[in-house]
Amino acid sequence: MINRRELLVSYSKKFSVHRRMWETEWNRRNTTDLSYPQFLILNILDQEGPKQSKELVNFFSITSGGITAIANKLISQGLIVRTRDDHLDRRAVLMEISDKGREILKSLESVRDQSFETIFACLTDAEIAYLEQIYGKLIGDRPVR
Numbered sequence: 096m097i098n099r100r101e102l103l104v105s106y107s108k109k110f111s112v113h114r115r116m117w118e119t120e121w122n123r124r125n126t127t128d129l130s131y132p133q134f135l136i137l138n139i140l141d142q143e144g145p146k147q148s149k150e151l152v153n154f155f156s157i158t159s160g161g162i163t164a165i166a167n168k169l170i171s172q173g174l175i176v177r178t179r180d181d182h183l184d185r186r187a188v189l190m191e192i193s194d195k196g197r198e199i200l201k202s203l204e205s206v207r208d209q210s211f212e213t214i215f216a217c218l219t220d221a222e223i224a225y226l227e228q229i230y231g232k233l234i235g236d237r238p239v240r
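At position 37 of the sequence shown the residue is numbered 132 (my numbering), and the sequence of numbers has no breaks.
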């Protein structure tokens, strides 16, 4: 019988392969030069409104430098803009999605949905629900947008 450690090693390898499959499918369908994390930032800003970098750092669990690099690319393409909210703190810089960003987001939502269909076609709806439940447990049901 396979022990817990062997199962976890096997899972970690399969997770890595699945993640690469997801990235490959995203890149194959995506006609923009935006990465999936860039899409996710646009999506969050569209759904929840302007955010400070530190809020995005907490959501993505990456460094502030990582968020800055992603944001700078989105800003240079005119997909998000930096604004200030004098009600919070004059020093607080917010990122907000632009109209151009919303247009790109709509086409990328289709790319995401098509990628989902391809990558998860082998699973039933019940299996997807169970997978979602398992990942919720693994991340401690931390809020995910």
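Every residue, glycine too, gets a C-beta built ideally from N, C-alpha and C. Just so you know, these numbers come straight off a predicted model, no measurement behind them.
Neighbour-count burial assignment, residue i, 16 or more Cβ in a 10 Å radius
i	result
valine 206	buried
isoleucine 165	buried
serine 156	exposed
glutamine 39	The structure shown has nothing for residue 39, since the chain only spans 96 to 240.
isoleucine 136	buried
serine 210	buried
leucine 102	exposed
leucine 233	exposed
leucine 218	exposed
Three-state secondary structure (DSSP) of residue i
i	result
threonine 213	helix
asparagine 189	Strictly speaking, residue 189 in this sequence is leucine, with asparagine absent from that position. If DSSP states are grouped into helix, strand and coil, leucine 189 belongs with the strands.
threonine 178	strand
serine 248	Absent from the structure is residue 248, since the part of the chain shown begins at 96 and ends at 240.
leucine 161	One detail in the question is off: residue 161 reads as glycine in this sequence, not leucine. DSSP places glycine 161 in helix when its eight states are reduced to three.
arginine 172	According to the sequence as given, residue 172 is glutamine; it is not arginine. Of the three classes helix, strand and coil, the one that applies to glutamine 172 here is coil, per DSSP.
threonine 119	helix
glycine 231	helix
aspartate 220	helix
threonine 97	Looking at the sequence shown, residue 97 is not threonine but isoleucine. Isoleucine 97 falls in the coil class under three-state DSSP.
asparagine 125	coil
serine 130	coil
serine 156	coil
Beta carbon of residue i nearer than 7 Å to that of residue j
i	j	result
glutamate 191	proline 145	yes
aspartate 194	alanine 187	no
glycine 196	isoleucine 175	yes
serine 159	serine 171	no
leucine 169	threonine 178	no
leucine 200	aspartate 141	yes
Strand pairing of residue i, partner residues [DSSP]
i	result
lysine 146	Met190
_Taking contact to mean 3 or more Cβ pairs, one atom from each stretch, closer than 8 Å, check whether the stretch 208–221 and the stretch 107–121 are in contact._
The stretch 208–221 makes contact with the stretch 107–121, as at least three CB pairs between them are under 8 Å.
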